[in-house]
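With positions in the sequence shown counted from 1, the corresponding number in our numbering is that position plus 3.
For every residue, glycine included, the Cβ atom is placed at its ideal position computed from N, Cα and C.
Please read these numbers as outputs of a predicted model, since none were measured by experiment.
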Amino acid sequence: MAAKRVCFIVDGGFVRKRFKFLSPSTLFSGPFLLDYCRKHLRQDEELLRVFFYDAEPFSQKLLHPLTDMTIDYSQTTVAKEAHALFESLRKTPHVVLRLGFLTWNRRWKASWDNTVKPILMGTRDLAANPLVPSEKRGIAPELTQKAVDVYLGLDIASISIRKTADVLVILAGDSDIAPVVRCAREEGLQVRLDSLWQNIRPELEQELDEVVTFTCKPALVHPGARPGRLTRDEDGEYPCGTTGPAKP
Numbered sequence: 004m005a006a007k008r009v010c011f012i013v014d015g016g017f018v019r020k021r022f023k024f025l026s027p028s029t030l031f032s033g034p035f036l037l038d039y040c041r042k043h044l045r046q047d048e049e050l051l052r053v054f055f056y057d058a059e060p061f062s063q064k065l066l067h068p069l070t071d072m073t074i075d076y077s078q079t080t081v082a083k084e085a086h087a088l089f090e091s092l093r094k095t096p097h098v099v100l101r102l103g104f105l106t107w108n109r110r111w112k113a114s115w116d117n118t119v120k121p122i123l124m125g126t127r128d129l130a131a132n133p134l135v136p137s138e139k140r141g142i143a144p145e146l147t148q149k150a151v152d153v154y155l156g157l158d159i160a161s162i163s164i165r166k167t168a169d170v171l172v173i174l175a176g177d178s179d180i181a182p183v184v185r186c187a188r189e190e191g192l193q194v195r196l197d198s199l200w201q202n203i204r205p206e207l208e209q210e211l212d213e214v215v216t217f218t219c220k221p222a223l224v225h226p227g228a229r230p231g232r233l234t235r236d237e238d239g240e241y242p243c244g245t246t247g248p249a250k251p
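Put into structure tokens, the structure is as follows:
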């Protein structure tokens, strides 16, 4: 009997943030992602493709709203790390990189209590008490991600309709994908979700065959952290690799 073909659908922004929280010392890269995906493969399965969805880093030059200094966001640490990751993914076998883009809403976001409120209330004079680097970084342009969700949904629909794969393993946590996941199951694919211990909403959970992860519970990494509702068997004895029961 031929092995079942498995495609992975990876929400890059979500997965990067979750691994940074669950495993702060991990260097997230193309080979690391491929190794993690292979942990999901079962005895009768083979990896076909890993689709990774993210957005190109913001690269405009903007005037800081408080300091009037020009900031080149293409030279920030965040942008450089993103470019390094994308280059690593491009060089990794079986990985397909799908990149959207970020747009600026002409608004800024900031830490209200520590930075903005004292300035607006007149209790802090910037001339006498200028912003330190950490506070400047805390005031950032408000960005909106474009095209990424469209690419993700189209690929799931295409894989399902063309029967490119037999199994979809989705690394994501957004319930917005529920309709296209329903489409995949209706076309006969088995769908498993790895939400990396992120809470998942009922409308997404009901469309899944299984929920599985190979990361440790947040409480084991961050004592006192509130654990997410990963599976229907939260009290199981598999804290670093647990599976929810398949639906009949």
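Residues in its own chain within less than 6 Å of residue i by CB, not counting five upstream and five downstream?
i           : result
residue 193 : 170 and 212
residue 18  : 174
residue 40  : 11 and 53
residue 37  : 95
residue 188 : 194
residue 210 : 181, 184 and 185
residue 16  : 57
residue 207 : 178 and 181
How far does the beta strand (DSSP E) with residue i in it extend, from its first residue to its last?
i           : result
residue 152 : Note, residue 152: premise wrong, no beta strand (DSSP E); alpha helix (DSSP H) at 151 to 165.
residue 7   : 7 to 14
residue 213 : 213 to 216
residue 193 : 193 to 197
Could you give the distance in angstroms between the alpha-carbon of residue i and the alpha-carbon of residue j?
i           : j           : result
residue 176 : residue 12  : 12 Å
residue 196 : residue 163 : 16 Å
residue 68  : residue 26  : 34 Å
residue 242 : residue 46  : Because residue 242 carries a pLDDT of 43, less than 50, the predicted location of this residue cannot be relied on, and the following value inherits that uncertainty. One C-alpha to the other measures close to 22 Å.
residue 111 : residue 145 : 5 Å
residue 158 : residue 83  : 28 Å
residue 3   : residue 71  : Here the chain has residues from 4 to 251 only, and residue 3 is not among them.
residue 214 : residue 89  : 27 Å
residue 21  : residue 74  : 28 Å
residue 14  : residue 199 : 11 Å
residue 56  : residue 107 : 20 Å
residue 79  : residue 105 : 15 Å
residue 23  : residue 165 : 35 Å
residue 217 : residue 31  : 15 Å
residue 191 : residue 156 : 17 Å
residue 221 : residue 109 : 35 Å
Between which residues of its own chain and residue i is the CB-CB distance below 7 Å, once the five residues before and five after are set aside?
i           : result
residue 33  : 91, 92, 94, 95 and 98
residue 103 : 58, 148, 149, 150, 151 and 154
residue 160 : 183 and 186
residue 100 : 55, 89, 92 and 93
Kindly indicate the opening and closing residues of the alpha helix (DSSP H) around residue i.
i           : result
residue 208 : 205 to 208
residue 27  : Unbroken run through residue 27: none, as it is neither H nor E.
residue 175 : Where residue 175 is concerned, there is no enclosing alpha helix (DSSP H), given that its DSSP letter is neither H nor E.
In chain order, what residues of the same chain lie with their CB nearer than 8 Å to the CB of residue i, ignoring the 5 residues before and after it?
i           : result
residue 9   : 43, 44, 48, 49, 50, 51, 168, 169, 170, 171 and 172
residue 86  : 60
residue 76  : 60, 61, 62, 63, 64, 65, 82 and 144
residue 5   : none
residue 35  : 29
residue 205 : none
- Entirely enclosed beta strand (DSSP E) segments - the stretch 34 to 63, minimum 3 residues: 48 to 58
- Item | Contact between the stretch 180 to 190 and the stretch 48 to 55 (3+ Cβ pairs under 8 Å) | no
- Item | Runs of beta strand (DSSP E) wholly within the stretch 57 to 114 (minimum 3 residues, chain order) | 64 to 66, 73 to 75 and 98 to 112
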